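Since the structure comes first, as structure tokens, the remarks are kept for the end.
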Amino acid sequence: MALKHVKQATIIKIALLLAILASLPKTIFLYDMISQGNLDFSGLQIKDLPYRLVFIFLFSWAILELNANISYARFKWSTPVRISVLFLANIAIFLMALTLFKNLYPILLDTEMTTRDKGFSNFTFGNLLIALFFIGRILRLQADKQESRIENEHLKQQSLQNELMALKNQIDPHFLFNSLNSLTSLIRDNEKATQFVRKLSFMYRYILMSGESDLVSLREELKFLESYTYLIRTRYRDRFSIDIQIEDVFLQEEIPPLALQLLVENAVKHNEISETNPLEVKIYSREGSIFVDNIMRPRTTIGEGTKHGLLNLKKRYILVCHKEITVRTENNIFSVELPVKTAA
-15 MALKHVKQAT
-5 IIKIALLLAI
5 LASLPKTIFL
15 YDMISQGNLD
25 FSGLQIKDLP
35 YRLVFIFLFS
45 WAILELNANI
55 SYARFKWSTP
65 VRISVLFLAN
75 IAIFLMALTL
85 FKNLYPILLD
95 TEMTTRDKGF
105 SNFTFGNLLI
115 ALFFIGRILR
125 LQADKQESRI
135 ENEHLKQQSL
145 QNELMALKNQ
155 IDPHFLFNSL
165 NSLTSLIRDN
175 EKATQFVRKL
185 SFMYRYILMS
195 GESDLVSLRE
205 ELKFLESYTY
215 LIRTRYRDRF
225 SIDIQIEDVF
235 LQEEIPPLAL
245 QLLVENAVKH
255 NEISETNPLE
265 VKIYSREGSI
275 FVDNIMRPRT
285 TIGEGTKHGL
295 LNLKKRYILV
305 CHKEITVRTE
315 NNIFSVELPV
325 KTAA
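For the sequence shown, counting from 1, position 216 maps to 200 in the working numbering; every step adds exactly one.
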């Protein structure tokens, strides 16, 4: 997520305001001299005020920019490291600004600073540094809060859109199941067709139920996968096969629902399936994970799809299992490793 920057206009306004406030004692002193008629307009005081204003403004802008934007946008360090580096950077800018202020003073104003002016400058820049550090932090916190609020609103809108889409696409489950039952009664003399409809009915029921659970047992997922692959074999016959070698100890472990089905579907969608090049998908357990492999024979044309299935599965694993899936392509074998989660 990109970090929201504090606007330059805000930083410039605050830096200018602080420069004016920090120069206020000099301004009051000039006003008193003008009101008493003791001021020589060609004298040092007239030159001193704009010099201080410009220098303090630039110092204030640099400190605010560092603490509100640069230290958070450029450096992705841990909090202790960032605070340490930020502290040193603030001190470095303070010392550099103070040194330049004192060294350029006699060059630009053609006179040396008095000891009293040097002490006043140390006091002014020191107090400014403390105030600017806290103002910079406040600006950063406000920007983060606003960014978080915008992100939450975006998530709410996305959730509402998803709910609306679900309502648009919703089909009454009872209507669908009743229709499938009616279809079964019509084709009961055809064993293969009846079996196909039963598998389809089981699949739809499983998909509906899986929406209520973040995780399912591997045993349940394999049972669903058996129905899915039955439908695939009905279409491709002996051109498609699936080899499942999973140890019994894994059957109680949990994975996100439809994970295996999505990977088998991807293999069917992206690979050639023909008499000369049949597709075989292997599913097996090894080293605490489930692997889904197939030889890569890319289709020349790929059917329409969202193209986000594997990406969505990765996100689901991170959110639900706090683990990442691993995708490998070696020796023309496409392999996906699914870590399992131990059932509670």
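By construction, the Cβ of each residue, glycine as well, lies at the ideal position given by its N, Cα and C atoms.
Bear in mind that the values here come from a model prediction, so they are computed numbers and not experimental data.
How far does the beta strand (DSSP E) with residue i in it reach, from first residue to last?
i           : result
residue 311 : 310 to 314
residue 203 : No beta strand (DSSP E) contains residue 203, which is instead part of the alpha helix (DSSP H) from 202 to 220.
residue 301 : Unbroken run through residue 301: none, as it is neither H nor E.
residue 228 : 224 to 229
Tell me whether residue i is buried or exposed, calling it buried when 16 or more other Cβ atoms sit within 10 Å of its Cβ.
i           : result
residue 65  : exposed
residue -8  : exposed
residue 25  : Residue placement at residue 25 is flagged as unreliable, the pLDDT there being 46, under the threshold of 50; the coordinate-derived value follows with that caveat. Result: exposed.
residue 38  : exposed
residue 51  : buried
residue 69  : exposed
residue 232 : exposed
residue 290 : Here the model assigns residue 290 a pLDDT of 46, short of 50, so the residue's position is not dependable and the matter cannot be decided.
residue 36  : buried
residue 295 : exposed
residue 322 : buried
residue 91  : exposed
residue 251 : buried
residue 124 : buried
residue 311 : exposed
residue 7   : buried
residue 74  : buried
According to DSSP, is residue i part of a helix, a strand, or is it coil?
i           : result
residue 25  : Its pLDDT being 46, under 50, residue 25 is placed unreliably by the model, and the measurement read from it follows with that caveat. Three-state DSSP puts residue 25 in coil, outside helix and strand.
residue 290 : A caution first: residue 290 carries a pLDDT of 46, below 50, which makes its placement in the model unreliable, though a value can still be read off. Correct three-state label for residue 290: coil.
residue 1   : helix
residue 276 : strand
residue 119 : helix
residue 101 : helix
residue 171 : coil
residue -15 : Because residue -15 sits at a pLDDT of 46, beneath the cut-off of 50, its placement in the model cannot be relied upon, and the point is left open.
residue 323 : strand
residue 257 : coil
residue 68  : helix
residue 269 : strand
residue 240 : coil
Could you give the first and the last residue of the continuous alpha helix (DSSP H) run that contains residue i?
i           : result
residue 252 : 243 to 254
residue 262 : Where residue 262 is concerned, there is no enclosing alpha helix (DSSP H), given that its DSSP letter is neither H nor E.
Would you say residue i lies against chain B (beta-carbon separation less than 9 Å)?
i          : result
residue 49 : Here there is only one protein chain, and chain B is not present.
inquiry  = When you compare the segment 40 to 53 with the segment 77 to 87, are there three or more beta-carbon pairs, one atom per stretch, that lie closer than 8 Å?
reply    = Touching, yes, given that three or more Cβ pairs across the two stretches are closer than 8 Å.
inquiry  = Between the segment 226 to 242 and the segment 300 to 320, can you find at least three pairs of beta-carbon atoms closer than 8 Å?
reply    = Output reads yes: the segment 226 to 242 touches the segment 300 to 320.
message = Three Cβ pairs or more, each shorter than 8 Å: is that satisfied between the segment 273 to 285 and the segment 250 to 265?
response = Segments in contact, yes.
ask   = Are three or more beta carbon pairs between the segment -6 to 7 and the segment 108 to 120 nearer than 8 Å?
value = Yes: the two stretches touch, three or more of their Cβ pairs being nearer than 8 Å.
inquiry  = Across the segment 163 to 174 and the segment 262 to 278, are there enough close Cβ pairs to call them in contact, namely three or more that are closer than 8 Å?
reply    = Verdict: no, contact absent.
ask   = Can you find at least 3 beta carbon pairs, one from the segment 182 to 191 and one from the segment 199 to 213, that sit closer than 8 Å?
value = Yes, since at least three Cβ pairs between the segment 182 to 191 and the segment 199 to 213 fall closer than 8 Å, the two stretches touch.
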